[in-house]
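So the number in our numbering is just where the residue sits in the sequence shown, counting from 1, plus 187. Where is the CB? At the ideal position from N, CA and C, for every residue including glycine.
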Amino acid sequence: MKKNLNYWSLSGFTFFYFFASTSAMSLFAIWLGQTLELSGAQVGTVFSINAIATLCFQPLYGFISDKIGLKKHLLWFITFLIMLIGPFFIYVYSPLLHYNIFVGAIVGSIYLSTTLLAAFGAIESYAERTGKKYNFEYGQVRMWGSLGAAAAALFSGKLFNINPHISFWIASACSIFLIIFLLLMKVNVSEEEQKKTDSIKLKDTLSLLKNKTFWVFMIYVLGVACVYSVYDQQFPVYYASLFSTREQGNQMFGYLNSIQIFLEAGMMFVAPFIVNKIGPKKALIVAGILMAIRITGSGLAVEPIGISTMKMLHSIELPIMLVAILKFIAANFDAKFSATMYIVGYYFVSQVGQAILSPLLGHWYDTIGFSKTYLMLGISVFIFVIVFALLKTKTVPIQTYYSKRAG
188 MKKNLNYWSL SGFTFFYFFA STSAMSLFAI WLGQTLELSG AQVGTVFSIN AIATLCFQPL
248 YGFISDKIGL KKHLLWFITF LIMLIGPFFI YVYSPLLHYN IFVGAIVGSI YLSTTLLAAF
308 GAIESYAERT GKKYNFEYGQ VRMWGSLGAA AAALFSGKLF NINPHISFWI ASACSIFLII
368 FLLLMKVNVS EEEQKKTDSI KLKDTLSLLK NKTFWVFMIY VLGVACVYSV YDQQFPVYYA
428 SLFSTREQGN QMFGYLNSIQ IFLEAGMMFV APFIVNKIGP KKALIVAGIL MAIRITGSGL
488 AVEPIGISTM KMLHSIELPI MLVAILKFIA ANFDAKFSAT MYIVGYYFVS QVGQAILSPL
548 LGHWYDTIGF SKTYLMLGIS VFIFVIVFAL LKTKTVPIQT YYSKRAG
């Protein structure tokens with residue numbers, strides 16, 4: 188009974204967290220460009236500063252997550268911050284960006300990092316750990332997150348055209364449901380589990396830097412997963428520009444994004460079976476190839492139907508990659524560092540790449556255009572996937588991983 192209660196409570200929490208996040212952020216680039224009238228370079232600067240701030244908070248979230256284990260302290264903290272999304276965006280962030288782009292971007296980056304950008308990893312890592320304890324797959328919980336994001340994206344374009352502020356208030360309202368599901372969640376922390384988390388020291392975490400497989404994993408994250416995030420940043424702006432009016436483009440992107448995320452949710456249910464069948468590393472390679480095809484295809488397509496088709500590949504590629512990353516970590520690294528490896532090894536390194544690439548790509552979008560930029564990004568992903576495939580790792584067979592879980 189407790190397994191079912193925790194599964195449904197955690198799934199409900201994940202659904203509304205992703206609903207809130209998508210409500211606030213799915214049209215973030217369009218909000219910056221159209222509502223606040225920032226240039227492509229200024230939007231790139233905002234994303235770059237967001238990435239830098241997130242870099243500062245992700246290692247902290249990773250270490251704290253490993254240190255507190257299955258306690259819900261971080262989830263409560265994140266829920267409180269979600270409550271403030273509406274007031275912050277409307278009464279703090281927007282005026283500051285108008286007053287001074289750098290002051291606004293810095294203040295905004297601190298809030299967005301702690302609430303959304305760095306917090307994703309803490310929530311997903313908590314779901315993965317709870318799933319191990321109560322015998323359900325992380326992908327089954329993350330599926331509800333995708334459904335929440337899809338539900339929010341379905342109306343985001345239309346609501347944005349009515350009033351951009353509506354989505355921010357809806358995001359804040361989601362905190363009510365987050366509180367309810369946190370109260371329902373009953374995760375027991377045993378004395379043995381408490382001792383393991385208490386024993387974690389910072390120097391133990393830093394010892395991961397001596398692990399060869401850690402650096403092989405970094406190559407994949409920096410060259411593949413990072414590019415996926417940078418590609419998505421200003422894609423809504425490009426997509427909306429392909430239509431006769433901005434308003435029509437915004438609304439069509441909302442519909443497209445919703446369909447893609449609904450498909451992604453279904454794939455989240457299937458992805459664990461695929462990854463278990465072929466193994467984490469091969470699954471990462473498959474996801475990387477699909478990503479390279481999607482980004483390159485976006486550069487070759489010149490009309491909405493072609494671009495939309497490329498966007499749909501996202502729904503296959505992302506679930507495989509997310510599930511494979513967690514299983515790759517579980518198969519190669521000590522379980523007590525799982526949150527650090529996921530938040531720092533995956534999210535943190537992705538942010539490093541974003542901090543470097545965001546302003547550069549913002550400049551390229553303004554000068555050489557989206558199509559040529561996408562072609563260069565797609566080719567670079569192909570190269571990194573090949574390098575990752577050729578490098579050896581000491582991955583534990585997936586059957587061994589599950590025997591360890593069962594034990």
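**Item:** CA-to-CA distance, I507 to I461, given in whole angstroms
**Value:** Spanning the two alpha carbons is a distance of roughly 8 Å.
**Item:** Three CB pairs or more closer than 8 Å across the region 434-444 and the region 331-346
**Value:** Counting Cβ pairs under 8 Å, three or more are found: they touch.
**Asked** Just curious, the alpha helix (DSSP H) that S333 is in, first and last residue?
**Response** Run containing S333: 325-349, per the alpha helix (DSSP H) assignment.
**Asked** Once you ignore the five residues that flank L578 on each side, which residues in its own chain have a CB closer than 8 Å to its CB?
**Response** Exclusion of the five residues before and after L578 leaves V403, I406 as the residues of its chain whose Cβ lies within less than 8 Å of its Cβ.
**Message:** One question on the structure: do G326 and M455 come within less than 7 Å of each other, judged by their Cβ atoms?
**Reply:** Cβ atoms of G326 and M455: closer than 7 Å.
**Message:** Residues in the same chain with beta-carbon distance under 6 Å from T302, minus the five sequence neighbours each way, listed in chain order, please.
**Reply:** The residues are L268.
**Item:** Cα-Cα separation, L297 to S567
**Value:** It should be noted that the sequence gives Ile, not Leu, for residue 297. Each residue's CA atom was taken as its position, placing I297 and S567 some 31 Å apart.
**Prompt:** Sorted by chain position, which residues of the same chain lie with C-beta nearer than 8 Å to I472's C-beta, five sequence neighbours on each side aside?
**Reply:** Apart from the 5 residues on each side of it in sequence, I472 sits with its Cβ closer than 8 Å to the Cβ of V572, F575, A576 in its chain, given in chain order.
**Item:** Contained alpha helix (DSSP H) runs [length at least 4] in the region 444-480, N- to C-terminal order
**Value:** Counting only runs of 4+ residues, no alpha helix (DSSP H) is found wholly inside the region 444-480.
**Prompt:** Within the chosen definition, does the region 242-250 reach the region 299-319 through at least 3 CB pairs nearer than 8 Å?
**Reply:** In this structure the region 242-250 lies against the region 299-319, because at least three pairs of beta carbons, one per stretch, are closer than 8 Å.
**Prompt:** Excluding sequence positions up to five away, which residues of its chain have a Cβ less than 7 Å from the Cβ of V531?
**Reply:** If we look at V531 and ignore the five residues flanking it on each side, its Cβ neighbours are Q245, P246, G249.
**C413 beta carbon less than 7 Å from that of F203** = Not a contact, by the Cβ cut-off of 7 Å.
**Request:** Have a look at V233 and N322 and give me their C-alpha separation to the nearest angstrom.
**Result:** So the alpha carbons of these two residues sit roughly 41 Å apart.
**Item:** Beta-carbon proximity of M528 to I543, cut-off 7 Å
**Value:** The answer is no: Cβ separation not under 7 Å.
**Host alpha helix (DSSP H) of F515 (start-end)** = That run of the alpha helix (DSSP H) goes 501-519.
**Among V510, K514, T483, N191, the one whose alpha carbon lies nearest that of M497** = Just measuring C-alpha positions, the residue of V510, K514, T483, N191 sitting nearest M497 is T483.
**Request:** Give the straight-line distance between the Cα atoms of G332 and I448, rounded to the nearest whole angstrom.
**Result:** Taking the Cα positions, G332 is about 10 Å away from I448.
**Prompt:** Terminal residues of the continuous alpha helix (DSSP H) containing I265?
**Reply:** Run containing I265: 260-270, per the alpha helix (DSSP H) assignment.
**Item:** Pair within 7 Å by beta-carbon distance, Y425 and F557
**Value:** Contact: yes.
**Request:** Specify, as a first and last residue, the run of the alpha helix (DSSP H) that T400 falls within.
**Result:** It spans 399-407 - the alpha helix (DSSP H) in which T400 sits, taken as one unbroken run.
**Request:** For the alpha helix (DSSP H) containing Q421, list its first residue and its last residue.
**Result:** Looking at the DSSP string, Q421 is not in any alpha helix (DSSP H), and its letter there is neither H nor E.
**Prompt:** Excluding five sequence neighbours on each side, which residues of the same chain lie with their C-beta closer than 6 Å to the C-beta of V328?
**Reply:** Listed in chain order, the non-local C-beta contacts of V328 below 6 Å within the same chain comprise L197, S198, T201, A314, local neighbours out to five positions each way being set aside.
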